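Asker: This note's numbering numbers the first residue of the sequence shown as 420 and each following residue consecutively.
Attaching a single structure in structure tokens format; questions to follow.
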Amino acid sequence: MEIKPVMNQRFSQKDSVVYIPVKAIRPNPYQPRKSFSQKALRELSESVKQYGVIQPVTVRQRGFYSYELVTGERRLKACQMAGIEKIPAIIIDTRENDTAIISLIENIQRENLSFFDEAEAISSLIETHNISQELLAKKLGKSQPSIANKLRLLRLDRKERSMIVEFGLSERHARSLIRICDSEKRMEILKKVCESNLNVRDTERLVDKVLYDKENEKTPRKSKRIKLFTDIRVFTNTILHAVSSMKESGIDAESTRFENEDYYEYVIKIKKKKDS
């Protein structure tokens, strides 16, 4: 790839690397990552001082000497921290909503974007740029139900999200907690999950019990027996128990639950034994 130094001209080279003043680049307003590790940035800054920026950032031109970052915010921040004046960049032609999608895709592909940041970025794309869930799913290479599931994570308030991140809980923990509509009860359960370091399965069982007990409070005693067999959570526990029994018997099995607008979907995988 050809590398061109910055001269006193307007940058218009497309698909080639040019050196652009760091001060001429403004951050991506649609950056999905909300927090950056200062320790990691300092380490990257020291690396940039010694070896330079190995991978160019991508930008789009906004004015004569004005650019907007598309991807590479950590590299840009590291250069600013290191006091480096110019950064290698590739100028691309892209629309505003494409910029947001490209930035989200890059962060997702790096596999270190928090699921809450991803959910917020998806919500912003849909609301700000009027993109449908179906179209966004296609652009991100995901299914529409997976996009809907991401958006449901935002039902948790900021304090709940902060606790989940702080205690290193998974997205499946968060999904389970969403099922509790009462915010006070949900926080109570969340604190118990954090304090007891409950895994996903134990969390789901705890949530199932809370919801089942609450439902039974509203159910007349004479109809409880019928409710026992019709409540979807009973069948959910039956599936989990069956998979657990297989594991205890030495069978390599696992179950995964997917939640859609209208139904729950369970996938049970049983690993084949290789022929001797």
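The C-beta atom is built at its ideal place from N, Cα and C for all residues, glycine as well.
Computed from a predicted structure; not experimentally measured.
How about glutamate 667 and lysine 688: do their beta carbons lie closer than 7 Å?
Answerer: Contact: no.
Asker: Would you list, in sequence order, the uninterrupted beta strand (DSSP E) runs of no fewer than 3 residues that lie entirely inside the stretch 494-568?
Answerer: 505-510
Asker: Buried or exposed, going by whether 16 or more other CB atoms sit within 10 Å of the CB of glutamine 552?
Answerer: Glutamine 552 comes out buried.
Asker: According to the neighbour-count rule (16 or more other Cβ atoms, all chains shown, within 10 Å of its Cβ), is lysine 643 buried or exposed?
Answerer: Its pLDDT being 49, under 50, lysine 643 is placed unreliably by the model, and the measurement read from it follows with that caveat. By the 10 Å Cβ count, lysine 643 comes out exposed.
Asker: Start and end of the alpha helix (DSSP H) containing leucine 609?
Answerer: 602-615
Asker: Could you check the C-alpha separation between lysine 633 and aspartate 576 for me, to the nearest Å?
Answerer: 22 Å
Asker: Is valine 441 near proline 507, with beta carbons less than 7 Å apart?
Answerer: no
Asker: Output needed for serine 533: all residues of its chain with C-beta closer than 7 Å, excluding positions within five of it in sequence on either side, in chain order.
Answerer: Only Val584 meet the Cβ criterion.
Asker: CA-CA distance, isoleucine 670 and valine 686?
Answerer: Using only the alpha carbons, I get a separation of about 16 Å.
Asker: Restricting to Cα atoms, I'd like to know which of Ile511, Arg574, Asn618, Asn616 is closest to isoleucine 599.
Answerer: Arg574
Asker: Roughly how many angstroms lie between the CA atoms of isoleucine 511 and aspartate 536, to the nearest whole one?
Answerer: 25 Å
Asker: With distance defined between alpha-carbon atoms, name the residue in Glu614, Ser615, Arg624 nearest to arginine 594.
Answerer: Arg624
Asker: Return yes when the Cβ of tyrosine 486 is within less than 7 Å of the Cβ of isoleucine 444, no when it is not.
Answerer: yes
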